[in-house]
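Quick notes on the structure that follows.
Residue numbers (the working numbering): 15 to 243.
Next comes the structure, spelled out in structure tokens:
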């Protein structure tokens, strides 16, 4: 697959600004960042079995952070299922065979892996975390061996999540050439025509074709989720 972006087109100037993430999506992302950071900072030290007093403080922080994380996750899932924009975005995130062959659309293949991996990992952490919070009722339903396995899975998935975020996600979203040192889309929600052309050539081409077919040459693509500022 060619990595050379298409040439600039006068119908979509490089300097034109589009809204890629709306306010709700940015707030969800910020809540996830803050709660995930607090979860990692309070949870990983617990793997070293600190003193009881320290452990109690860490557990309190961990539980509060987990509640915020679950609320943000539930907000995201409900919006993805119940709103027009959410459903359209979700459809765009479904992996397809053409992801590896053709130009990237709204989401690159690595973005889709990142997203679905995040959801799967979050589900594992949420379920195992809830089981650990209620050990009494849990042990009435499962054997001690299963409960110990749940604890091990929770800790292992936590380590894996931190490693993935600090490597895969950090590079794919912020540290790769052309974006380093950071993409600002999660802060202001905006991308330029030049960024669309470079990172999402399939979506850029659809926008060009839509404007070419539009009487005034300014309409956005009906199947795109981007909006003009």
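In this text, a Cβ means the ideal position worked out from N, Cα and C, and glycines have one as well.
If you're wondering where the values come from, they're calculated on a predicted model, not measured in any experiment.
Which two residues bound the contiguous alpha helix (DSSP H) that contains residue i?
| i | result |
| --- | --- |
| residue 142 | 123–147 |
When DSSP labels each residue in this structure, what does residue i get in the three-state scheme?
| i | result |
| --- | --- |
| residue 164 | helix |
| residue 50 | helix |
| residue 190 | coil |
| residue 26 | strand |
| residue 93 | helix |
| residue 235 | With a pLDDT of 46 at residue 235, under the threshold of 50, the modelled position of this residue cannot be trusted, and the question is left open. |
| residue 62 | helix |
| residue 212 | helix |
| residue 173 | helix |
| residue 18 | coil |
| residue 222 | helix |
| residue 118 | coil |
| residue 228 | coil |
| residue 156 | coil |
Give me the Cα-Cα distance between residue i and residue j, rounded to the nearest whole angstrom.
| i | j | result |
| --- | --- | --- |
| residue 158 | residue 65 | 24 Å |
| residue 190 | residue 27 | 24 Å |
| residue 182 | residue 50 | 16 Å |
| residue 89 | residue 95 | 10 Å |
| residue 46 | residue 167 | 21 Å |
| residue 128 | residue 105 | 15 Å |
| residue 103 | residue 22 | 26 Å |
| residue 163 | residue 75 | 23 Å |
| residue 86 | residue 63 | 29 Å |
| residue 223 | residue 18 | 19 Å |
| residue 9 | residue 212 | Because residue 9 is not part of the residues shown, which for the chain are 15 to 243, the question remains open. |
| residue 165 | residue 210 | 43 Å |
| residue 117 | residue 228 | 23 Å |
| residue 148 | residue 48 | 25 Å |
| residue 112 | residue 151 | 47 Å |
Do residue i and residue j have their CB atoms nearer than 9 Å?
| i | j | result |
| --- | --- | --- |
| residue 31 | residue 56 | no |
| residue 218 | residue 20 | yes |
| residue 186 | residue 125 | yes |
| residue 161 | residue 153 | yes |
| residue 38 | residue 83 | no |
| residue 214 | residue 122 | yes |
Mind reading off the beta-carbon distance from residue i to residue j? Whole number of angstroms is fine, and I expect it under 8 Å.
| i | j | result |
| --- | --- | --- |
| residue 119 | residue 192 | The Cβ separation is near 18 Å, so there is no contact. |
| residue 146 | residue 172 | Not really, about 12 Å apart at Cβ, beyond 8 Å. |
| residue 100 | residue 107 | Not really, about 11 Å apart at Cβ, beyond 8 Å. |
| residue 35 | residue 170 | Not quite, the Cβ-Cβ distance comes to about 31 Å (not below 8 Å), so this is no contact. |
| residue 79 | residue 53 | 5 Å |
| residue 29 | residue 142 | No, residue 29 and residue 142 are not in contact; Cβ-Cβ is about 48 Å, not under 8 Å. |
| residue 131 | residue 178 | 7 Å |
| residue 69 | residue 60 | 6 Å |
| residue 43 | residue 200 | 5 Å |
Counting along the chain, where does the beta strand (DSSP E) carrying residue i start and finish?
| i | result |
| --- | --- |
| residue 2 | The question about residue 2 has no answer, for the chain in this structure spans 15 to 243. |
| residue 110 | Careful: residue 110 lies outside any beta strand (DSSP E) and carries neither H nor E. |
| residue 198 | Where residue 198 is concerned, there is no enclosing beta strand (DSSP E), given that its DSSP letter is neither H nor E. |
| residue 204 | 204–206 |
| residue 179 | Neither: residue 179 is in no beta strand (DSSP E) and is coded neither H nor E. |
| residue 33 | 31–33 |
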